[in-house]
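See structure below.
Protein chains in written order, with my numbering: chain A, 1 to 213; chain B, 1001 to 1081.
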């Protein structure tokens, strides 16, 4: 998670000022985390407009509960936790009366996942990300994951949150974080690998050959 | 010292922990040996690392345009008074 280079002391001081009535400082307090909170909400809802709405609600909730924030935890994790809860609540509300999605069952952490047999696609340069196609492919790959895998993947690999903090924010054990992350990463690789086989070429096209057949 | 070999399936189970360094040094050593001799697993390792690197560089997911100013407006409106 990229955060502004301000000190924790400064952040705590800001927080205290907000709590004692200087509401106008709240945006400054949360500004370094707006992206994290949005991405967390998006990992649950998979929709820009809903994620934005939930992110706003999460910040408002954070404001009204700011005095309950326990200083020994990380502010970012606390905010993300609120966003995840709000997003889950919204999803539940929207789906009410429809059906319980099968992918929400907690049956899957056991059992091996077998990666598909792609030959290597060792070097995809990050500059390729500027290409819309690739960003879209990432979004699509992410959307193809079951929510419980996606949430963990987004926390760990997109937001760079530690295993312990991810467990805390999602309300699962550290062992579950690791198991789900494994599945998520292998599936992401499977989902992305074929696209690099000529569907788009990056740079000098040096990695056109992807599949062994 | 001879390293006891481990299977591809075992390697896949641990590949994510391997990337994160969340692994027993002995298992790490065996995996390193395995990658040297198994092109398939080393391709999976590289591909998986690649995914992690691609999504982690901060460019993969942006805020929607205007997000910050809309958030600011909403906060100002709701926190007034």
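Cβ coordinates follow ideal geometry from the N, Cα and C atoms, glycine included.
Is residue i buried or exposed, if buried means 16 or more other CB atoms sit within 10 Å of its CB?
i: residue 10/A; result: exposed
i: residue 88/A; result: buried
i: residue 8/A; result: exposed
i: residue 1036/B; result: exposed
i: residue 190/A; result: buried
i: residue 95/A; result: exposed
i: residue 1050/B; result: buried
i: residue 1047/B; result: buried
i: residue 157/A; result: buried
i: residue 164/A; result: exposed
i: residue 93/A; result: exposed
i: residue 151/A; result: buried
i: residue 183/A; result: buried
i: residue 160/A; result: exposed
i: residue 178/A; result: buried
Between the C-alpha atoms of residue i and residue j, what's the straight-line distance to the nearest angstrom?
i: residue 1020/B; j: residue 67/A; result: 35 Å
i: residue 1009/B; j: residue 42/A; result: 33 Å
i: residue 31/A; j: residue 1061/B; result: 17 Å
i: residue 34/A; j: residue 136/A; result: 22 Å
i: residue 1011/B; j: residue 1045/B; result: 9 Å
i: residue 78/A; j: residue 1042/B; result: 38 Å
i: residue 28/A; j: residue 51/A; result: 21 Å
i: residue 114/A; j: residue 192/A; result: 15 Å
i: residue 1026/B; j: residue 84/A; result: 37 Å
i: residue 173/A; j: residue 1030/B; result: 27 Å
i: residue 23/A; j: residue 1013/B; result: 49 Å
i: residue 176/A; j: residue 80/A; result: 18 Å
i: residue 19/A; j: residue 188/A; result: 42 Å
i: residue 133/A; j: residue 168/A; result: 34 Å
i: residue 111/A; j: residue 1006/B; result: 18 Å
i: residue 103/A; j: residue 56/A; result: Because the pLDDT at residue 103/A is just 46, under 50, the model does not fix this residue reliably, and the point stays unresolved.
i: residue 116/A; j: residue 139/A; result: 20 Å
i: residue 69/A; j: residue 63/A; result: 10 Å
i: residue 76/A; j: residue 142/A; result: 23 Å
Starting from residue i, find everything on chain A with Cβ-Cβ shorter than 8 Å and list it in chain order.
i: residue 1072/B; result: 27
i: residue 1037/B; result: Simply none; closest approach about 15 Å.
Since residue i meets chain B, which of its residues come closer than 7 Å, beta carbon to beta carbon?
i: residue 56/A; result: 1071, 1074
i: residue 23/A; result: 1079
i: residue 71/A; result: Within 7 Å Cβ-Cβ: nothing; residue 71/A doesn't reach chain B, min ~22 Å.
In this structure, does DSSP put residue i in helix, strand or coil?
i: residue 104/A; result: The predicted position of residue 104/A is uncertain, since its pLDDT is 48 and thus under 50; no value can be drawn from it.
i: residue 7/A; result: coil
i: residue 163/A; result: helix
i: residue 1036/B; result: helix
i: residue 1007/B; result: coil
i: residue 1056/B; result: helix
i: residue 74/A; result: coil
i: residue 1061/B; result: coil
i: residue 1023/B; result: coil
i: residue 13/A; result: helix
Is there a Cβ of chain B sitting closer than 8 Å to that of residue i, yes or no?
i: residue 115/A; result: yes
i: residue 16/A; result: no
i: residue 155/A; result: no
i: residue 192/A; result: yes
i: residue 216/A; result: Absent from the model: residue 216/A. The displayed extent of chain A is 1 to 213, so no value can be given.
i: residue 59/A; result: yes
i: residue 170/A; result: no
i: residue 145/A; result: no
i: residue 181/A; result: yes
Along chain A, which residues have their Cβ under 7 Å away from the Cβ of residue i?
i: residue 1064/B; result: 48, 52
i: residue 1028/B; result: Correct list: empty, because the minimum Cβ distance to chain A is about 15 Å.
i: residue 1056/B; result: 157, 158, 160
Between residue i and chain A, is the shortest Cβ-Cβ distance under 8 Å, so that the two count as touching?
i: residue 1067/B; result: yes
i: residue 1023/B; result: no
i: residue 1006/B; result: no
List the residues of chain B whose Cβ lies closer than 9 Å to the Cβ of residue i, in chain order.
i: residue 39/A; result: 1061, 1063
i: residue 34/A; result: 1063, 1067, 1068, 1071
Can you list the residues of chain A that residue i reaches, using a CB-CB cut of under 9 Å?
i: residue 1011/B; result: Correct list: empty, because the minimum Cβ distance to chain A is about 10 Å.
List, in order along the chain, the chain B residues whose C-beta lies closer than 8 Å to that of residue i?
i: residue 112/A; result: 1009, 1012, 1013
Would the beta-carbon of residue i be found less than 7 Å away from any heavy atom of the ligand FAD?
i: residue 155/A; result: Among the components of this structure there are no ligands whatsoever, and the ligand FAD is therefore not found.
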